[in-house]
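Visitor:
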Amino acid sequence: MSINWQEILFHFLGGLGLFLYSIKTMGDGLQQAAGDRLRFYIDKYTSNPFFGVLVGIGMTALIQSSSGWYWDDCSNSV
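At position 13 of the sequence shown (counting the first as 1) the number is 12 in numbering that gives the first Met the number 0, and the numbers step up by one without a gap.
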């Protein structure tokens, strides 16, 4: 069985494009939901690099946990 590199490349580029699109969509949604208030708090708490890392970890954990809850809820309803 030979490896079809063209198919692998298309799948990789398609997945990367979908990932980048979803990141942009999520950013736009956060901007609309929180707007200037969110920007103020992010600027305030990320001025120090150490706190910036902590805020990044916290936001990532929050987004991942809410995403996991959503998909877990969807799989239970099927």
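Yeah, the Cβ is synthetic: ideal placement off N, Cα and C, and Gly gets one too.
Flag this pair as yes or no: are the beta carbons of V52 and Y44 separated by less than 8 Å?
Guide: Here residue 52 is taken as the residue at index 53 of the sequence shown, counted from 1. Here residue 44 is taken as the residue at index 45 of the sequence shown, counted from 1. For V52 and Y44, no; Cβs fall outside 8 Å.
Visitor: At what residue ranges does the segment 22-51 contain a whole run of the alpha helix (DSSP H), taking only runs of 4 or more?
Guide: 35-44
Visitor: To the nearest angstrom, how far is it from the Cα of P48 to the Cα of I2?
Guide: Walking along the sequence shown from the start, residue 48 turns up at place 49. Walking along the sequence shown from the start, residue 2 turns up at place 3. Rounded to whole angstroms, P48 to I2 spans 45 Å at the Cα level.
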